Amino acid sequence: MVERFFSVRQVELLNHSHYDPIMLLSGPPSCGKTSLLFQFAFNSAVGSSHEVVFICNRRKLESKPPYLSQGIDPSSDTFQRIQMKYVEEDEGIKNYFAAFHLHETIPAAVVIDDFGDFFEERSCQEKYNNPRGRDLAMVRTLALCHNAIAHANKTGPCKLLLSDTHHGDSPRLLFIYKRWIPAIFTIKGDGLGSFVLKSNSSSVTGSSVRMRTAKYSIALQHLTLEGITEESEHRTNIDQSGDLDVCSSEGHVAEIRSAESVVCHRSCFVWRTLGRL
Numbered sequence: 006m007v008e009r010f011f012s013v014r015q016v017e018l019l020n021h022s023h024y025d026p027i028m029l030l031s032g033p034p035s036c037g038k039t040s041l042l043f044q045f046a047f048n049s050a051v052g053s054s055h056e057v058v059f060i061c062n063r064r065k066l067e068s069k070p071p072y073l074s075q076g077i078d079p080s081s082d083t084f085q086r087i088q089m090k091y092v093e094e095d096e097g098i099k100n101y102f103a104a105f106h107l108h109e110t111i112p113a114a115v116v117i118d119d120f121g122d123f124f125e126e127r128s129c130q131e132k133y134n135n136p137r138g139r140d141l142a143m144v145r146t147l148a149l150c151h152n153a154i155a156h157a158n159k160t161g162p163c164k165l166l167l168s169d170t171h172h173g174d175s176p177r178l179l180f181i182y183k184r185w186i187p188a189i190f191t192i193k194g195d196g197l198g199s200f201v202l203k204s205n206s207s208s209v210t211g212s213s214v215r216m217r218t219a220k221y222s223i224a225l226q227h228l229t230l231e232g233i234t235e236e237s238e239h240r241t242n243i244d245q246s247g248d249l250d251v252c253s254s255e256g257h258v259a260e261i262r263s264a265e266s267v268v269c270h271r272s273c274f275v276w277r278t279l280g281r282l
């Protein structure tokens with residue numbers, strides 16, 4: 006849920022064991038991604054006795070440090086359990102996760118800032134002798150990360166959060182990320198100086214699907230949560246015969262989301278039965 010990226014003083018965080026083990030945060034330049042990642046790292050450290058590892062490029066972090074949420078004490082002992090690991094290229098990430106199983110204590114979370122920036126296009130093309138060398142390098146690294154986190158979660162909870170920058174409506178390499186990352190959070194500007202954070206996943210309660218969206222801003226050198234909204238959609242299920250159940254709200258049309266369920270959206274069209282799948 007979007008709450009995990011903001012101060013525990015502002016929102017009541019859910020039990021971190023319910024989170025997806027691997028997540029991506031993607032947004033445009035200068036939208037506060039590093040600040041959101043650092044708040045996530047802080048929350049993870051608060052909720053666990055284990056350390057949190059924050060992987061990033063040192064020069065980038067020092068030139069543009071993250072902002073803390075209001076109410077977070079910069080001298081808090083919690084920051085002592087956030088271990089900064091500085092790397093210059095993708096080899097540093099691969100070396101870290103290749104030895105992940107050798108760690109005496111598995112971290113509560115690993116955070117990688119600007120994941121895509123560690124893969125320099127020309128060097129990846131030369132290394133793999135392939136014009137799509139960067140894509141190949143990212144796939145191999147994501148596979149290694151995925152296997153390491155899956156292995157770690159056999160003994161205890163360990164999360165991996167990556168961030169990447171996109172310049173359009175969605176991440177350019179979304180087709181690669183979706184293969185390895187179940188939870189993707191995207192950020193868009195609202196045109197008024199604030200940003201909107203939303204997830205590609207949702208929670209289901211009874212016959213409705215709930216999706217939360219967070220609105221935040223970076224002001225006065227602080228990360229400020231302006232509010233969280235929740236939208237609900239009606240859900241209809243497929244019965245055992247394969248027919249779609251009629252929506253309980255007249256005038257709604259269903260959109261198939263999976264083999265087990267459909268989501269009903271408001272529409273001006275009269276409901277009609279869709280028949281067998």
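If you use our numbering, the sequence shown closes out at 282, no skipped numbers anywhere.
Just so it is clear, CB atoms sit at the ideal spot from N, CA and C, and this is done for glycine as well.
Quick caveat: nothing in here was measured; it's all calculated off a predicted structure.
For the pair Ala188 and Val116, the CB atoms are not nearer than the 9 Å cut-off. If you ignore the 5 residues before and after Ala157, its C-beta comes within less than 7 Å of the C-beta of Phe105, Ile111 and Cys163, all in its own chain and listed in chain order.
Bounds of the alpha helix (DSSP H) holding Lys38 are Lys38 to Val51. In this chain, Phe190 is not harboured by any alpha helix (DSSP H); it is covered by the beta strand (DSSP E) spanning Ala188 to Gly194.
In this structure Ser80 is exposed. Its beta-carbon is surrounded by fewer than 16 other beta-carbon atoms within 10 angstroms.
With contacts defined as CB atoms closer than 9 Å, Ser199 and Phe190 fail to qualify as a contacting pair. Note that the segment 55 to 69 does not touch the segment 212 to 228; fewer than 3 beta-carbon pairs, one per stretch, sit closer than 8 Å. In the DSSP assignment, Thr146 falls within the alpha helix (DSSP H) that extends over Gly138 to Ala157.
In the three-state reduction of the DSSP assignment, Asp118 falls in the coil class. Considered as a whole, the segment 63 to 127 harbours 87 to 91 and 114 to 117 as its complete beta strand (DSSP E) runs of no fewer than 3 residues, in chain order.
When the alpha-carbon of Ile181 is set against those of Val201, Ile192, Pro71 and His151, the nearest one is in His151.
For Phe200, the pairing in a beta bridge is given by DSSP as Gly194 and Tyr221. For the pair Ile154 and Gly97, the CB atoms are not nearer than the 9 Å cut-off.
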